[in-house]
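First the structure, in the form of structure tokens, and then the observations on it.
Residue numbers (this note's numbering): 1452 to 1583.
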């Protein structure tokens, strides 16, 4: 399962969540080829239905988020600009003052090594939010 979907799931339940993070998520699938292919196959052709499963569209609906969303994204990720669309999510968060900690990591791509390098930061992010 891709982390973009997990981010969506978290946003759907944001009022009960205390912590959210993701690695290189597809955050605006209604506007990328991967998302459009998946959504048209799973949800049909009505693009309005797709927005209910798109993290960027969903975060735009919240004006009172207090949970900081942590996203790590490799700057050398070949999918960044055409598929992941992290900039669109960042823009949507900014418009509604949603707390986003977007960390663009120089020299990292979409690999396991990228996740392995920063996983401890995500665990710490959740531990701090949960006061563990």
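Just so it is clear, CB atoms sit at the ideal spot from N, CA and C, and this is done for glycine as well.
Anticipated Cβ contact below 8 angstroms, residue i with residue j, distance rounded
{"i": "residue 1528", "j": "residue 1561", "result": "5 angstroms"}
{"i": "residue 1478", "j": "residue 1519", "result": "Contact flag wrong, Cβ pair sits at about 16 angstroms."}
{"i": "residue 1471", "j": "residue 1505", "result": "Not confirmed; about 15 angstroms, so no contact."}
{"i": "residue 1551", "j": "residue 1542", "result": "Not a contact, Cβ separation roughly 10 angstroms."}
DSSP beta-bridge partners of residue i
{"i": "residue 1522", "result": "1473 and 1553"}
Status (buried if at least 16 other CB within 10 Å, exposed otherwise) for residue i
{"i": "residue 1570", "result": "exposed"}
{"i": "residue 1534", "result": "buried"}
{"i": "residue 1455", "result": "In this prediction, residue 1455 scores a pLDDT of 49, lower than 50, which makes its location untrustworthy; no coordinate-derived value is stated."}
{"i": "residue 1490", "result": "buried"}
{"i": "residue 1473", "result": "buried"}
{"i": "residue 1567", "result": "exposed"}
{"i": "residue 1452", "result": "Any reading at residue 1452 must be qualified, since the residue scores a pLDDT of 37, below 50, and its modelled position is unreliable; no value is offered."}
{"i": "residue 1563", "result": "exposed"}
{"i": "residue 1516", "result": "buried"}
{"i": "residue 1581", "result": "exposed"}
{"i": "residue 1475", "result": "buried"}
{"i": "residue 1521", "result": "buried"}
{"i": "residue 1493", "result": "exposed"}
{"i": "residue 1509", "result": "buried"}
Start and end residues, alpha helix (DSSP H) containing residue i
{"i": "residue 1509", "result": "1506 to 1510"}
{"i": "residue 1492", "result": "1484 to 1494"}
{"i": "residue 1500", "result": "1498 to 1501"}
{"i": "residue 1517", "result": "Per DSSP, residue 1517 belongs to no alpha helix (DSSP H) and is neither H nor E."}
{"i": "residue 1563", "result": "1563 to 1580"}
{"i": "residue 1608", "result": "Since the first residue of the chain shown is 1452 and the last is 1583, residue 1608 is not available in this structure."}
{"i": "residue 1538", "result": "1537 to 1546"}
task = Report yes or no: do the segment 1494 to 1504 and the segment 1534 to 1549 share at least 3 C-beta pairs separated by less than 8 angstroms?
result = no
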